[in-house]
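Engineer: For what it's worth, UniProt numbering labels the leading residue of the sequence shown as 1, then goes sequentially.
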Amino acid sequence: MDMWRLQYSMQCNPQFPSRPSTVKELLKRKKTQSHQESKAAFDDIGAGTMVDFVHSDQTIQQIVDCMFGEKTESGLKHRADMLLCLGFSSRGDSIRKLRLPNIGLISFADEGVCGAKLLRCVWRKPKRNQFGNIEETALMRHREAQRCPFDALALYFFSRWHVGDEPWPDFSDRSTWYPIYVLKGANAVTKSTYPQQYAAMNEVYRILGVQSSVKTQPGRKQASAAENKGASASSVDRQSHWATKSRVGAYAKHSIPFDCDLDQNQADIIYHVLC
Numbered sequence: 001m002d003m004w005r006l007q008y009s010m011q012c013n014p015q016f017p018s019r020p021s022t023v024k025e026l027l028k029r030k031k032t033q034s035h036q037e038s039k040a041a042f043d044d045i046g047a048g049t050m051v052d053f054v055h056s057d058q059t060i061q062q063i064v065d066c067m068f069g070e071k072t073e074s075g076l077k078h079r080a081d082m083l084l085c086l087g088f089s090s091r092g093d094s095i096r097k098l099r100l101p102n103i104g105l106i107s108f109a110d111e112g113v114c115g116a117k118l119l120r121c122v123w124r125k126p127k128r129n130q131f132g133n134i135e136e137t138a139l140m141r142h143r144e145a146q147r148c149p150f151d152a153l154a155l156y157f158f159s160r161w162h163v164g165d166e167p168w169p170d171f172s173d174r175s176t177w178y179p180i181y182v183l184k185g186a187n188a189v190t191k192s193t194y195p196q197q198y199a200a201m202n203e204v205y206r207i208l209g210v211q212s213s214v215k216t217q218p219g220r221k222q223a224s225a226a227e228n229k230g231a232s233a234s235s236v237d238r239q240s241h242w243a244t245k246s247r248v249g250a251y252a253k254h255s256i257p258f259d260c261d262l263d264q265n266q267a268d269i270i271y272h273v274l275c
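#1: Using a 10 Å radius around the Cβ and a threshold of 16 neighbouring Cβ atoms, would you call V163 buried or exposed?
#2: Using the Cβ count rule (16 or more neighbours within 10 Å means buried), how would you classify Y156?
#3: Kindly give me the distance between the Cβ atoms of R79 and F68, rounded to whole angstroms, as I take these residues to be in contact under 8 Å.
#4: With a threshold of 16 other CB atoms inside 10 Å of the CB of R147, please say whether the residue is buried or exposed.
#5: Determine, using beta-carbon pairs with one atom in the segment 187-201 and one in the segment 70-84, whether at least three such pairs fall under 8 Å.
#6: Does the Cβ of D110 lie closer than 6 Å to at least one heavy atom of the ligand GDP?
#7: Would you call V64 buried or exposed, if buried means 16 or more other Cβ atoms sit within 10 Å of its Cβ?
#8: Going by beta carbon distance, what residues of the same chain come within less than 8 Å of R206, once the five residues before and after it are set aside?
#9: What did DSSP end up calling T216 once you bin it into helix, strand or coil?
#10: Please work out which residues of its chain come closer than 6 Å, Cβ to Cβ, to A152, disregarding the five sequence neighbours upstream and downstream, and give them in chain order.
#11: If we call anything under 7 Å between Cβ atoms a contact, is C121 one with I103?
#12: Over the uninterrupted alpha helix (DSSP H) stretch that includes L208, give me the two end residues.
#13: Can you tell me which residues form a DSSP beta bridge with K71?
#14: Given a cut-off of 7 Å on the beta-carbon distance, is the pair L100 and L119 in contact?
#15: Looking at the structure shown, is Y178 part of a helix, part of a strand, or coil, going by DSSP?
#16: Can you tell me whether P218 is buried or exposed, with buried defined as 16 or more other CB within 10 angstroms of its CB?
#17: So residue 288 is in the alpha helix (DSSP H); what residue range does that whole segment cover?
#18: Using the Cβ count rule (16 or more neighbours within 10 Å means buried), how would you classify K77?
#19: If distances are taken between C-alpha atoms only, which option among F171, G209, S213 and S232 comes closest to C66?
#20: Here's the rule I'm using: 16 or more other beta-carbon atoms within 10 Å means buried, otherwise exposed. How should M10 be labelled?
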């Protein structure tokens, strides 16, 4: 519904709608023209499709190994960044905005033989939050340590606070550690930036010869990957924060869709989500 046009027709708004039907026709014609120009230039028709994003076990393993092989704090940071994006099926910007109080551990004593500890993340204002409520996401350890978000984050924190010159956070008062970012930028209270993430991924892709236009948003494609591997559509919606039903979005935000786990036999990341 065009509210401006409706208000104008009801004489509630004296200003004539700024977007008449001719504008819609112009945009449609421009889109058609762009498509024809792209077709004439033989642009890559696979860009933006399923084959354009990194999803194979081998390629992901090569990328994280390349980052780990840099033997720098920056390499460990970008490795943790990518694995957290994949594990949480999240946008790169959402991961960069995480601060220390947004993450933690949660235990499930009856899960598996010896119980399980999940990496918990709290999202208060993600872009995909349809209902404005606090959303929580959690994931288990990967069975392959090289691709485990737990491992990646632990090594990055060890590098920051034990190898580097950044002091250990003072947890005695919230004001001293709440501003600290999980993935720091120039300093602990400055978040990592998009250009840094893009440049790091672009360089790794260049070294490995990976052809993909998806640089900073690998996690956004994981919803499709999860469903292709057998996860139910409803679980994927909750996992990826696209739950549009009122009950799921507004009231079932602290339950876990366990059927959204991916096949461990293929060594994929195990996803658990508290929506």
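Cβ atoms here follow ideal geometry from the backbone N, Cα and C, with glycine treated the same way.
Structural biologist: Quick look at the numbers:
#1: With a threshold of 16 other beta carbon atoms within 10 Å, V163 falls short and is exposed.
#2: Classification for Y156: buried.
#3: Between R79 and F68, the beta carbon gap of about 6 Å places them in contact (Cβ cut-off 8 Å).
#4: The residue in question, R147, is buried, as its Cβ has 16 or more Cβ neighbours within 10 Å.
#5: With a cut-off of 8 Å, the segment 70-84 and the segment 187-201 count as touching, because enough Cβ pairs lie within range.
#6: Annotation note on the ligand GDP: not contained in the displayed structure, which lists no ligands.
#7: The residue is buried, with at least 16 neighbouring Cβ atoms inside 10 Å.
#8: Taken in chain order, the list of residues that qualify is empty.
#9: The three-state reading of DSSP puts T216 in coil, since its state is none of H, G, I, E or B.
#10: R79, A80 and L83, listed in sequence order.
#11: Yes; because the gap between Cβ atoms is below 7 Å, this pair is in contact.
#12: Start and end: Y194 to L208.
#13: Its beta-bridge partners do not exist; DSSP assigns none.
#14: No; because the gap between Cβ atoms is not below 7 Å, this pair is not in contact.
#15: Note: Y178 maps to coil in three-state DSSP.
#16: When all chains shown are included, P218 counts as buried.
#17: Nothing about residue 288 can be reported from this structure: the residues present for the chain run from 1 to 275 only.
#18: It is buried - the Cβ of K77 has at least 16 other Cβ atoms within 10 Å.
#19: Closest option to C66, Cα to Cα, is G209.
#20: Classification of M10: exposed, given that the 10 Å Cβ count is below 16.
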